Ligand SMILES: *Cc1c(COP(=O)(O)O)cnc(C)c1O
C-alpha cells in the first residue's frame, strides 16, 4: 500500500479544483491593530493590514482584556489541568458561565472549548434527549451545526434559507406533539444577511417546536448589551437555546450555549464532547469575561463598528466595486471565479500589503467566490481609502468585472464616502 501517494493525490485534487488553502503567516501587532507583520515564505517580513479578521471589534488586543489574561495566568497558571468533572472547573470558568447567562437573560450557560464544539455537542445532545425528534435545519447553516445534526442521528429536514413559508410547510406536516428542534443562525457570515428571528419564534410557538440559534457572528456586536440580534430585535426570551462563540466579537477562544437550567444541566451531563475534553484555561475564561463585561457597556464601539462597515461598503460601491449588499457588518465583494479570487487576494497582499483571504468553494457555492472584508472600529477612514485604491488597482490589473453603475440617486451618507471626500476627511 502506497500510503503517501494517497495523501498526495488527495491534495493534488484540491489544487486541481483551485481550492487548496495556503496559510498566511502573520504576527498581529496588538498596539497597532489591524496592522500585522507577514512572513512571505522567502524569509522577508512585511507590514500588512488585516481586513478579514473575525476579531470584529479588536477585543483580542484590548489592554484590559490582555491584563485580565496575564493576571489570571500569573495567579492560577496556564492550563485548566483537567476536564470539568476532574479538577478542571477553575473559578474563572464558573464566573464566565454566570456572565454569559446574564448576557442572554437565561438561567444558565455552558462553556465549550470552541463554538464549533458547542454546536456539535449542543445540537446532537439536545436532539438525542428529545424522543423521536425532528430537526429542521436552515439550508445555509454552518458546518458545525450540520455536524451536530448529523451526530444527532434523528430525522432531519432542511428548509430553504430564511424562508419561513417553507419552514411552516414542514412544521405543519408534523403532529403537533412531536418533538421538533429548529436550528438556524441569526447572522449568516458569508452573505451578511439576517434571519427573520421573530417570525421563526412565532412558528415555533404555533407548532410546538424548540428553537436553537447560532449568534456567533452577532454576539458582542448587536443589541443594547451585545447579546446579539435576538436582543436587538427584542426576542431573546423567545429563543430556547442561544449558542455563541468567545472567539469572534469577544476576541478570545471558546464557545457556549445558554438556556434553561434543566436543559443546560442535561447537556452538561450527557455530551461526550463536553465531558471527555479538558476545560478552557482559566486565563482565557477571565479574558473572555472581561471582554463581555466591557462590551455590555460599550454601545459606542458597536456604533463605530457599524459606521466603519457602512463607510467601507459605500466607498467600495462608489468606486464601482461589486459589493454584495446586506444589512450587517460583513462586506462581501463579488468575484465569481475561484482562480481570480485567489489571484486578487495574492496581489492585494504582495502589491498593497492588504490581507483579505479569498472565499472559495465549499465555503460558498462555485461561481459565488468573493473577498469577504470585515472592517473593525479600528479600520479608520484613511485605511478605507487605501483599501479602495488597492482593490481598484487589483480589479483593473486582473480584469475582474466592476459593478453596473448605480441607478439610484446617492444617499447623503453614500456621497460622503466617495473617495475624494473620504480622502479629504481622512487627512
Ligand atoms: C466560526 C463559527 C462557528 C464556530 O465557532 P468557533 O468558536 O470559531 O469554533 C460556529 N458557527 C458559525 C456560524 C461560525 O461562523
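In my numbering, the protein residues as written are 1317 to 1743. Glycine included, C-beta positions come from ideal geometry on N, C-alpha and C. None of these values were measured; they are calculated from a predicted model.
Run of the alpha helix (DSSP H) containing residue 1412, from where it starts to where it stops: Unbroken alpha helix (DSSP H) run through residue 1412: 1407–1420.
Taking contact to mean at least 3 C-beta pairs separated by less than 8 Å, is the segment 1588–1605 in contact with the segment 1655–1665? Cβ pair count under 8 Å is below three, so no.
According to DSSP, simplified to helix, strand and coil, what is residue 1749? Past the edges of the chain, shown from 1317 to 1743, lies residue 1749, and the structure says nothing about it.
Between the Cα of residue 1521 and the Cα atoms of 1541, 1488, 1533 and 1511, which residue gives the shortest distance? Of the listed residues, the one whose Cα sits closest to residue 1521 is 1488.
Would you check whether ligand 1 has a heavy atom nearer than 7 Å to the C-beta of residue 1755? Because the chain here runs from 1317 to 1743, residue 1755 falls outside it and cannot be looked at.
Distance, residue 1348 Cα to residue 1696 Cα: Answer to the nearest angstrom: the Cα atoms are 12 Å apart.
I'd like the ranges of any alpha helix (DSSP H) spanning at least 4 consecutive residues and lying wholly in the segment 1690–1715. Within the segment 1690–1715, the complete alpha helix (DSSP H) runs of at least 4 residues are 1697–1714.
Just to confirm, are residue 1575 and residue 1557 a CB contact at a threshold of 8 Å? In terms of Cβ geometry, residue 1575 and residue 1557 form a close pair [threshold 8 Å].
Paired residues, beta bridge with residue 1473 - DSSP: According to DSSP, residue 1473 bridges with 1452.
For residue 1672 and residue 1368, believed in contact at Cβ under 8 Å, the rounded distance: Going by Cβ atoms, the distance from residue 1368 to residue 1672 rounds to 5 Å, so yes, they are a contact pair.
If residue 1670 sits next to residue 1706, beta carbons under 8 Å apart, how far is it from one beta carbon to the other, in whole angstroms? Contact between residue 1670 and residue 1706 holds: their C-beta atoms lie close to 5 Å from each other, under 8 Å.
Neighbourhood of residue 1612 by C-beta distance below 8 Å, restricted to the same chain and skipping five residues each side: Within the same chain, residue 1612 has close Cβ partners 1419, 1541 and 1542.
Residue 1382 versus residue 1608: straight-line alpha-carbon distance, rounded: Rounded to whole angstroms, residue 1382 to residue 1608 spans 13 Å at the Cα level.
Quick one: grab the DSSP three-state call for residue 1526. If DSSP states are grouped into helix, strand and coil, residue 1526 belongs with the strands.
Do you know offhand how far residue 1626's Cα is from residue 1371's? Approximately 18 Å between the Cα atoms of the pair.
Could you give the distance in angstroms between the alpha-carbon of residue 1555 and the alpha-carbon of residue 1529? Cα-Cα distance, rounded: 7 Å.
Would you call the segment 1444–1453 and the segment 1462–1479 in contact, with 3 or more CB pairs under 8 Å? Put simply, the segment 1444–1453 touches the segment 1462–1479. At least three CB pairs are less than 8 Å apart.
If you measure from the CB of residue 1567, is any heavy atom of ligand 1 nearer than 7 Å? Placement of the Cβ of residue 1567 at a distance of 7 Å or more from every heavy atom of ligand 1 is found.
Report yes if the CB atom of residue 1365 is closer than 8 Å to the CB atom of residue 1379, and no otherwise. Result no, Cβ atoms of residue 1365 and residue 1379 do not sit closer than 8 Å.
Under DSSP, the beta strand (DSSP E) around residue 1426 begins and ends at which residues? Run containing residue 1426: 1424–1428, per the beta strand (DSSP E) assignment.
Quick one: grab the DSSP three-state call for residue 1358. Here residue 1358 sits in coil by DSSP.
Residue from 1400, 1414, 1507 and 1562 whose Cα sits closest to the Cα of residue 1685: Comparing Cα-Cα distances from residue 1685 to each of 1400, 1414, 1507 and 1562, the minimum goes to 1507.
Residue interval of the alpha helix (DSSP H) (run including residue 1656): Here the alpha helix (DSSP H) through residue 1656 covers 1654–1668.
Measure the CB-CB distance between residue 1742 and residue 1701 and report whether it falls below 8 Å. With contacts defined by Cβ atoms closer than 8 Å, residue 1742 and residue 1701 form a contacting pair.
Do residue 1620 and residue 1408 have their C-beta atoms closer together than 8 Å? For residue 1620 and residue 1408, no; Cβs fall outside 8 Å.
Shortest alpha-carbon distance to residue 1649 belongs to which of 1656, 1637, 1659 and 1655? The shortest C-alpha separation from residue 1649 is found at 1637.
For ligand 1, any of its heavy atoms closer than 7 Å to the Cβ of residue 1435? Yes, the Cβ of residue 1435 comes within 7 Å of a heavy atom of ligand 1.
Below 8 Å on the Cβ atoms is my guess for residue 1716 versus residue 1651; work out the distance and round it to an integer in Å. So it is a contact: roughly 6 Å between Cβ atoms.
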